[in-house]
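Visitor: To start, I am sharing the structure in question, which I have written as structure tokens.
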Amino acid sequence: MKSMGKLLLIGLAIMLMASFSLKSQSVIKISQSTISLISAGNLTALHFEVTTKDVDKITAKMLIPGYQLVCNPKETKLSCIVYSMELTPFPAGDTEIIKLEGISDDNEFIWEKAEASDVNHKTVFLETVVE
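Residue numbering for the sequence shown follows the working numbering, beginning at -9 and increasing consecutively.
Dropping the structure here:
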């Protein structure tokens, strides 16, 4: 009976580990004018937060058609969600996805959070880069 309990626990642990992609092959980059995504073409939605002093002045626009961008500026944090209503994956490779405007030259960005959902609805944590 003890063996059955151990097998059940091991099976549960494997199922839990399979529901998260802990090591990311995907990268999200921010510069003074764009946000880019490097992926294998398996991501369908993004959620990210950046801290910046220019949060009230920033205008963000989608650069690729078929995706929705919703951003909420609050104090010094910009929180955004990007998704496709058809669950279309973002293009594979290095793709500029968002154009940023209204940012001063001396502005700095700090990534607070960056995660995505893949085609299987699993969480993918993104590596973050400030250019």
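We put the CB at the ideal spot given by N, CA and C, even for glycine. Model, not experiment: these values are computed from the prediction.
So THR41 and THR24 are in contact, right, with Cβ under 8 Å, and what is the actual spacing, rounded?
Guide: THR41 to THR24, Cβ: 18 Å. No contact.
Visitor: Identify which residue in GLN15, SER21, THR34 has its Cα closest to the Cα of PRO81.
Guide: With distances taken between Cα atoms, PRO81 lies closest to THR34.
Visitor: Secondary structure at ALA115, three-state DSSP: helix, strand or coil?
Guide: A small fix is needed here, since residue 115 is Phe in this sequence, not Ala. Of the three classes helix, strand and coil, the one that applies to PHE115 here is strand, per DSSP.
Visitor: For my contact list, ILE87 and MET52 are in at a C-beta cut-off of 8 Å; report their separation, rounded to the angstrom.
Guide: 7 Å
Visitor: What is the rounded straight-line gap between the Cα of PHE10 and the Cα of VAL114?
Guide: Reliability fails at PHE10, whose pLDDT of 45 lies under 50, so the model's placement of it is uncertain and no value is given.
Visitor: Using only the alpha-carbon positions, how far apart do VAL119 and ILE100 sit?
Guide: 9 Å
Visitor: Have a look at the DSSP bridge pairing and note the partners of TYR73.
Guide: ALA35, GLN58
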